[in-house]
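Residue numbers (our numbering), protein chains in the order written: chain A, 41 to 173; chain B, 41 to 173; chain C, 41 to 173; chain D, 41 to 173. Don't be surprised by glycine CBs; every beta carbon is placed ideally from N, CA and C. The structure displayed is predicted, hence computed values, not measured ones. Notes follow once the structure below has been shown.
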């Protein structure tokens, strides 16, 4: 399965005084891309929320490879890496002209409003089947 | 009545590539100071929220006088300017060594979860009495 | 002259615990739209910066009319309101399905790295001529 | 060596619509705490920057253990975990009433404006000696 691709532009709000993207903001970038990927597989997060469940990040491993700069046009690639029970793992990469600037593995769970794990939406487990070799 | 004073430090997350505080972040600064002032007059915003009401900003007039810079120690001064029915107005100033960098008049209402105006907490109207000449 | 229109989506990072866009974030939204409008009239802000000049916001008057919510699709409209010497004024509106949620008048100057005003780029003054009746 | 401790309050800007701290914002919290720890060991990051060098994060491993909520009083603990050549590693934990909510290992380098690694400030390597068993 090809990774989901999502373009974004670096604005003033994103960079720090070194002129490069502030390290926490890559997590904002990849969250936007996740939201778009999740929407495209047919999951409505606003409806999920009304039903009392929500995706929550449990772990992030992030490598900052090269700095993104003000006004850069970037692409976020998102691929499902694994599904294990109530958790799934995404590999998310931020690229500029095909060069990897940032790479993260993000572990996500589905939880209820009580904070307890819930069954993943079918659309996620279906993706796992599609992306297995 | 003397204005409420609240200190803050400028961190990496706050500045843009010009090395100065990004213009939207002053609104974050003054909101933190408002939260502290409101706490000090005895209002518990977390409890208010559980009771179904919340403060909402209706209008901001903001003047950017001089830039705050990375690592600056700032003070936010907050004073009640006026109370009119279900609205109140705060004058909020960001200073560095007594010099005004940013000045805003912020109009705030209390609303219910339905978005409709609610009566202001007594602590706000009491402040108005105290601060009148 | 028709206003510049720029679409955006509301993500998790943008909303507060009331499920509505945090008030400072509208300033991020309109700054992104300004950057795109300025790019489209042919100004390269990254190049400007290398030449030692930068746009700086001097004043914002902002009305919060109705809340934008998580997952909303919004449009930012930006129109040149006035040019006066080294300053220009933009009217920026955030809409959802044609309904105005947020409206701001933003006063901007062009300054050098020393903080002193500089002559506006020609592309801005040309816009003023185009947009006059 | 006891870890550096730094208190912070959770404000409206920090939480998402689930009423819990947005995941990227923990990176802002721990960066503020790092800045304060670095200041306390005698390093002036503003002066470093004028000399053309800056700390940059190379890798983050972050575990989200329990959610922090609006209005929570938190403490960030920061301890030097290791120094290896031009890199150092910090363990940073966010706690509420002694309970661990977030734990990260952050790998940091010192780089010049050209992006190349530079020798770490002596104050960092001295800390390493102090914190070794």
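Could you pull out every residue in the same chain whose Cβ sits closer than 6 Å to the Cβ of residue 46 (chain D), ignoring the five residues on either side in sequence?
Here residue 46 (chain D) is taken as the residue at index 6 of the fourth chain, counted from 1. 73, 76 and 116.
Of the residues D:127, D:82 and D:105, which one's Cα is nearest the Cα of residue 136 (chain D)?
Start at 1 with the first residue of the fourth chain, and residue 136 (chain D) comes out as number 96. Checked all of D:127, D:82 and D:105; the closest Cα to residue 136 (chain D) is D:105.
From B:144, B:121 and B:90, residue whose alpha carbon lies closest to that of residue 103 (chain B)
As a first step, residue 103 (chain B) must be located in the second chain, where it is residue number 63. If we check each option's Cα against that of residue 103 (chain B), B:144 comes out closest.
Considering only the beta carbon of each residue, do residue 81 (chain D) and residue 163 (chain D) sit closer than 9 Å?
On the fourth chain, residue 81 (chain D) is found 41 positions in, with the first residue counted as 1. On the fourth chain, residue 163 (chain D) is found 123 positions in, with the first residue counted as 1. Yes, they are a contact pair.
Just the Cα atoms here: how many angstroms apart are residue 79 (chain D) and residue 85 (chain D)?
For this step, residue 79 (chain D) is matched to residue 39 along the fourth chain. For this step, residue 85 (chain D) is matched to residue 45 along the fourth chain. Computed Cα separation, rounded: 8 Å.
Quick one: residues in its chain with C-beta nearer than 7 Å to the C-beta of residue 108 (chain A), no 5 flanking neighbours on either side, listed in chain order?
Here the question's residue 108 (chain A) lines up with position 68 in the first chain. Setting aside the 5 residues that flank it on each side, residue 108 (chain A) is surrounded in the same chain by 50, 60, 61, 114, 134, 136 and 141, each with a C-beta closer than 7 Å to its C-beta; the list follows chain order.
Could you check whether the Cβ of residue 63 (chain D) sits closer than 9 Å to any Cβ belonging to chain A?
Mapped onto the fourth chain, residue 63 (chain D) falls at position 23. Yes, residue 63 (chain D) counts as interfacial toward chain A.
Which chain D residues are close to residue 56 (chain C), counting only those with a beta carbon under 8 Å from its beta carbon?
Counting from one through the third chain, the residue named residue 56 (chain C) turns up at place 16. By Cβ distance, chain D contributes 52, 53, 55, 56 and 57.
When burial is assigned at 16 or more other CB atoms within 10 Å of the CB, is residue 153 (chain A) buried or exposed?
Within the first chain, numbered from 1, the residue matching residue 153 (chain A) stands at position 113. Burial call: exposed.
Reducing DSSP to helix, strand and coil, say where residue 63 (chain A) ends up.
Locating residue 63 (chain A) in the first chain gives position 23, where the first residue counts as 1. It is coil, neither helix nor strand.
Pull up the DSSP beta-bridge partners for residue 94 (chain A), would you.
One-based indexing of the first chain puts residue 94 (chain A) at position 54. For residue 94 (chain A), which the question treats as bridged, DSSP gives the partners A:151.
Can you say whether residue 58 (chain B) is buried or exposed, counting buried as having 16 or more other CB atoms within 10 angstroms of its CB?
Taking the second chain and counting its residues from 1, one reaches residue 58 (chain B) at position 18. Residue 58 (chain B) is buried by the Cβ-count criterion.
Residues of the segment 107 to 122 of chain D with a CB closer than 9 Å to any CB of chain C: list them in chain order, please.
109 and 110
If contacts are defined as beta-carbon pairs under 8 Å, then residue 43 (chain A) and residue 121 (chain A) qualify, I think. What distance do you get, rounded to the angstrom?
Locating residue 43 (chain A) in the first chain gives position 3, counting from the first residue. Locating residue 121 (chain A) in the first chain gives position 81, counting from the first residue. Going by Cβ atoms, the distance from residue 43 (chain A) to residue 121 (chain A) rounds to 10 Å, so no, they are not a contact pair.
Let me see if you follow: with CB-CB separation under 9 Å, is residue 96 (chain D) close to chain A or not?
For this step, residue 96 (chain D) is matched to residue 56 along the fourth chain. Yes, contact with chain A.
Indicate the three-state DSSP secondary structure (helix, strand or coil) for residue 52 (chain A) in the structure shown.
Position 12 of the first chain, counted from the first residue, corresponds to residue 52 (chain A). The answer is helix: DSSP assigns residue 52 (chain A) an H, G or I state.
Taking C-beta pairs closer than 9 Å, name the residues in chain C that residue 68 (chain B) reaches, listed in chain order.
Within the second chain, the letter at position 28 stands for residue 68 (chain B). The answer, in chain order, is 62 and 64.
Does any residue of chain B bring its CB to less than 9 Å from the CB of residue 76 (chain D)?
Counted from its first residue, the fourth chain places residue 76 (chain D) at position 36. So yes, residue 76 (chain D) belongs to the interface.
Residues in the same chain with beta-carbon distance under 7 Å from residue 94 (chain D), minus the five sequence neighbours each way, listed in chain order, please.
As a first step, residue 94 (chain D) must be located in the fourth chain, where it is residue number 54. For residue 94 (chain D), where only same-chain residues beyond five positions count, the Cβ hits under 7 Å are 88 and 151.
Beta-carbon spacing of residue 53 (chain B), residue 98 (chain D) below 9 Å:
Stepping through the second chain from its first residue, residue 53 (chain B) is reached at position 13. Stepping through the fourth chain from its first residue, residue 98 (chain D) is reached at position 58. It is not a contact, given that the beta carbons lie outside the stated cut-off.
My guess is that residue 64 (chain C) and residue 64 (chain B) are in contact by the Cβ rule of under 8 Å, so how many angstroms apart are they, rounded?
Position 24 of the third chain, counting from 1, holds the residue named residue 64 (chain C). Position 24 of the second chain, counting from 1, holds the residue named residue 64 (chain B). Their Cβ separation, rounded to whole angstroms, is 5 Å, which keeps residue 64 (chain C) and residue 64 (chain B) in contact under 8 Å.
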